[in-house]
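The structure appears below as C-alpha cells.
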Amino acid sequence: MFEVIAFYIFSILTIIMFGIVVFSKNSLYAMSALAGGMIFISGFFFLLGAEFLGVVQIVVYSGAVMALYAFGMMFFDTTRDVKENIHYKKILYSLSIISAVLIVIIMSAPIYSANIESLYPSAIEGVGNTQIIGLVLFTKYLIPFELAAVMLLVSMISGILLVSKRMDMNLTEKDHYEEKGEII
Amino acid sequence: MDWAIVIETIIKSIVVLSVVAAMAGFATYIERKVLAFMQRRLGPMNVGPHGVLQLAADGIKLFTKEDIVPQNAVKPIFKFAPVIAPVTAFTSMAAIPFFPEFTVFGYTVTPIISDINVGVLFVLGVASTGMFAPLLAGMSSANKWALLGAARTVIALLSFEVVSGLALLAPLMMIGSLSLIDINDYQIAGFTSWLIWSQPMAFLLFVIAGFAETNRTPFDLIEYEAEIVSGYATDYSGIRWGLFFIGEYANMITVAFLVSIIFLGGYNPLWIIPGAIMILIKISAFIFLFLWVRAAWPHVRPDQMMWLCWKILMPLALINILITGIVLI
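Next comes the structure, spelled out in C-alpha cells:
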C-alpha cells in the first residue's frame, strides 16, 4: 500500500524532473532538475530494499552534478536562457523520438517476454543487502570491478599529467618571466 | 503495514524537528555568549536576564523583515534554495539514534526514526547534499559575490567529501557494519573501548572534515566577509536568510552526534552517568569546540583548504586505512 503510493509519487517526480532537464533552455533549471531527479531515483532503491545502492546514488550523483554545476558556471551565464543553435529541427526531433522508442523497446522486451531473472537472488539468510553486493562484486564480477578501478586510476593520472605541466611555477612567476621576454 | 508504526514515526519526526530547531536557535545565543566570553566582551545583555530573550528578538526580526528578491535573479531557484539547507539537515537526522532505548508506560521507544542498515553513509550523503543550498543560492542570485561563493562551495564539497569518507572507512573496517546502532554497541565495554583510542587519526581527520562540511570558521570560505562580502547569502534577507542558518546549526548538531556516536562511545553509560546524559555532555562539548575554534583560529584561503584536504589529509587517511587493514589481517 505505502510502497505503491511512494512508487507513484517518486515516478511522477522523477519524470517531471527529467522532463525539465530536457525541455528547459536555462542551464540552471536543467542542472537543478537533474540533481533533483537523481535524488528521487534513489527513492526507488530504498523502496526495493537496496539501501546501499540508494545511498550510493545520493552520494555519487550529488558530487557528480556538483562538478557539472562548476562547468556550467564556467561556460554559461546561468541566469540567462541559452540560445539554442538548431538548424534542422525535423531531423533532430525524428532522431530523438526514434532513439527514445528504441530504448523503451530494448528495456521492456525482456520484461514483456517475462524471462528476466536475477542471477544472484539475495535470499541468503541473515546476510544484508550491503554484504551481498560485496560478495557479488568480489566473486562473480571481480575482473570487471578491478578493470573499472584501473581505468579510473588511468584517467586520474592522465588528468593530473595534463594539468601538472609547470606546476612548480605559479602564475605570478609566469607573468614575471613573460615581462622579461624569456620563453617558458 | 501497521498504522502504529506510521503514527510513531510521525510523532518522532515532529519531536526531532521541533527539538533540534529549538536547539539550533539556542545555539546562536550560546555562540554569541561564548564568543563574547573569549573576546572579553559581555555579548547580548539587554533583552531578558543575561540576554536570554535575545533569541526571541532575533526570531521576530528574521520573520518580519522584508523579503527581497533581486530583479535579475532566477526567481524560482532563488526562492527554493534556502529550503534545501534545513530539509537536508533534518532528513539526515532520520538515521541517527539520539538516545538509548527507554520505556514509557510499558511501550519501548527506540529514539531513531528509521534504522536503515547504511546509517552512516545515509547521514553523510544527505548532509553533503545540503551543499546544494549555497550553490543554488549563489548561482541564482545574479551577483558576483554570490557566484564566487557558489564556486567556492563546489571546491569545498569536492575537498572535504573525500576526506570524511576515507577517514570513516578505517573505523568502519573494524566494526564491520554501517548501522549507527551497531557502531554504538561496538563500544559498549566502557571508556577504554571507545574508538578514539584505537583510531585517533581517523577521529582527527573526521573532525576537520566536519568543520569543512558545516562551513565553520577555519573553513568558512564560502561566506567569508573580508573576501566576498557574505558569499552565497549576499542577496538574501529575512526568513530566507534565516533558513540557511537553521540548516547550518542543525548540521553542526548532526556532526556532533556523528562524532560522539562513532568515536566517543555514543550513548553508552559511563560509570554512574546514564547514557542519555553522556551523549548530551559529549554533544555540548563538541558544540563548544566548534565555537572555541571559531574564536581562536584564522580563516584559511580556498587554495590553502584544497592543499590541506588533497595533499595532507587524504594521504593521511589512506595511510590510516592501510595500517588498519594490516593490523586487522
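Protein chains in written order, with our numbering: chain A, -16 to 167; chain B, 22 to 350.
Ideal placement from N, C-alpha and C gives every residue a C-beta, glycine not left out.
All of these numbers come straight from a predicted model, not from anything done at the bench.
Anything in chain B within Cβ reach of LEU11/A, meaning under 9 Å, just list it in chain order.
VAL95, ILE98, LEU157, MET160, SER161
Nearest by alpha-carbon distance to ARG315/B: which of LYS303/B, CYS330/B, LEU242/B is it?
LEU242/B
Within 10 Å of its beta-carbon, does TYR76/A have 16 or more other beta-carbons around it, so buried, or fewer, so exposed?
exposed
Name the residues in the stretch 53 to 64 of chain A whose C-beta lies less than 7 Å from a C-beta of chain B; which are they?
Identification of residues in the stretch 53 to 64 of chain A having a C-beta nearer than 7 Å to some C-beta of chain B yields ALA53, MET56, THR61, THR62, given in sequence order.
PRO93/A to LYS86/B span [Cα, whole Å]
58 Å
Excluding the five sequence neighbours on either side, which residues of its own chain have a C-beta within less than 7 Å of the C-beta of MET160/B, listed in chain order?
LEU168, ALA171
Between the CA atoms of SER147/A and ILE167/A - distance to the nearest angstrom:
For ILE167/A, the predicted model reports a pLDDT of 46, less than 50, meaning its position is unreliable; a value from the coordinates is still stated below. Spanning the two alpha carbons is a distance of roughly 15 Å.
Quick check on ILE167/A - is its C-beta less than 7 Å from some C-beta in chain B?
Because the pLDDT of ILE167/A is 46, which lies under 50, any placement of that residue in the model is unreliable, and the question is left without a value.
Quick one: does ILE41/A have its CB under 7 Å from some CB of chain B?
yes
Could you please give the first and the last residue of the uninterrupted beta strand (DSSP E) stretch that includes VAL137/A?
That residue, VAL137/A, is in no beta strand (DSSP E); its alpha helix (DSSP H) goes 125 to 146.
For the beta strand (DSSP E) containing PHE123/B, name the first residue and the last one.
123 to 125
How about LEU17/A and VAL38/A: do their beta carbons lie closer than 7 Å?
no
Test: SER45/A CB closer than 7 Å to a CB of chain B:
yes
Which bits of chain A does GLU248/B rub up against, with CB to CB less than 8 Å?
Per Cβ cutoff of 8 Å: no residues; GLU248/B is ~18 Å from chain A at best.
Rounded separation between MET134/A and PRO336/B - CA only:
Going from the Cα of MET134/A to the Cα of PRO336/B covers about 21 Å.
Which same chain residues end up closer than 8 Å to PHE101/B when comparing Cβ atoms and leaving out the 5 residues on each side of it in sequence?
LEU157
Answer yes or no: does any C-beta atom of chain B fall closer than 7 Å to that of GLU34/A?
So yes, GLU34/A belongs to the interface.
Between ILE176/B and the rest of its own chain, which residues show a CB-CB distance below 7 Å, the 5 nearest in sequence each way excluded?
PRO323, MET327
Between ASN138/B and chain A, is the shortest Cβ-Cβ distance under 7 Å, so that the two count as touching?
yes
List the residues of chain B whose Cβ lies closer than 7 Å to the Cβ of SER15/A, in chain order.
Under the 7 Å cutoff, chain B gives ILE98, LEU157.
Let me know if GLU234/B comes out buried or exposed under the rule of 16 or more other beta-carbons within 10 Å of its beta-carbon.
Looking at its Cβ environment, which holds 16 or more other Cβ atoms inside 10 Å, GLU234/B is buried.
Taking C-beta pairs closer than 8 Å, name the residues in chain A that SER149/B reaches, listed in chain order.
VAL42, SER45, GLY46
Which class does ILE167/A belong to by DSSP, given the choice of helix, strand or coil?
Legend: pLDDT at ILE167/A = 46, less than 50; position of this residue unreliable, no value from coordinates given.
Starting from VAL37/B, follow the alpha helix (DSSP H) in both directions and report where the run begins and ends.
24 to 59
Among PRO97/B, GLY231/B, TRP166/B, which one has its Cα closest to the Cα of GLU248/B?
TRP166/B
Three-pair Cβ contact test at 8 Å for the stretch 221 to 240 of chain B versus the stretch 269 to 282 of chain B
yes
Where does the unbroken beta strand (DSSP E) through VAL130/B begin, and where does it stop?
128 to 130
Closest to ALA148/B by CA distance: which of PHE123/B, ILE133/B, THR213/B, SER185/B is it?
SER185/B
Taking 7 Å as the threshold (beta carbon to beta carbon), is ILE56/B in contact with chain A?
Checking the displayed sequence, the identity of residue 56/B turns out to be Leu instead of Ile. Judged by the 7 Å Cβ criterion, LEU56/B is not in contact with chain A.
ALA106/B and GLY151/B closer than 7 Å at C-beta:
Yes, Cβ-Cβ distance for ALA106/B and GLY151/B is below 7 Å.
Indicate whether HIS320/B and TYR245/B have their beta-carbon atoms separated by less than 7 Å.
yes
Using beta-carbon positions only, say whether ASN272/B and ALA154/B come within less than 7 Å of one another.
Not closer than 7 Å, so no.
Member of GLY72/B, ILE204/B, SER198/B, PHE232/B whose CA lies at the smallest distance from the CA of VAL55/B
That would be GLY72/B, whose Cα lies nearest to the Cα of VAL55/B.
Residues that ASN9/A bridges to, as DSSP identifies them:
ASP64/A
Contact list for THR113/A against chain B, beta-carbon separation under 7 Å:
Neighbourhood of THR113/A in chain B, by CB distance below 7 Å: ASN138, VAL139, LEU199, in chain order.
Quick check: the stretch 338 to 348 of chain B against the stretch 295 to 315 of chain B, are at least 3 beta-carbon pairs closer than 8 Å?
no
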